[in-house]
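Position 8 of the sequence shown, counting from 1, maps to 60 under my numbering, and the rest follow consecutively. Right, one structure below, let's go through it.
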Amino acid sequence: MARKTLLYQLEHCTYHCSYHIVWTPRFRGKVLADNYIKSELKRMFKQIARWKDLVIYAWHIGDEHIHLHISIPPKYSIALLCFNGWH
């Protein structure tokens with residue numbers, strides 16, 4: 053069954069900016085193995101998504117990496133969100 057693509061609308065455009073982001077710590081150390089760290093990361097991702105109007109479709113926080121499938125409004129660049137932080 054095909055997944056339905058959601059289109060979002062602003063005043064002058066229709067968009068669907070969907071990204072699959074994979075984040076790994078240096079040397080792929082198992083720094084995310086603690087359940088407290090995983091729960092805090094999930095809480096922070098939810099808070100940032102509400103604050104920046106992001107849609108998180110799916111995520112997986114493993115012991116040594118994080119997968120995010122998100123949709124962002126076109127006013128944000130993916131480089132700003134990933135590389136320069138969530139300011």
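Backbone N, C-alpha and C define an ideal beta-carbon position, used for all residues, glycine too.
- Checking the DSSP bridge columns, you'll see L120 partnered with I73 and W111.
- Per DSSP, reduced to three states, the secondary structure at Y88 is helical.
- A direct Cα-to-Cα measurement between Q61 and P125 gives close to 9 Å.
- Spatial neighbours of L106 in its own chain (CB-CB distance under 6 Å, excluding positions within 5 residues in sequence) are listed in chain order as I122 and I124.
- Considering only K90, H117 and K104, the residue with the shortest C-alpha distance to L132 is K104.
- Taking all protein chains shown into account, L120 has 16 or more neighbouring C-beta atoms within 10 Å of its C-beta and is therefore buried.
- For the set K127, F135, G114 and C134, the Cα lying nearest the Cα of S91 is the one of G114.
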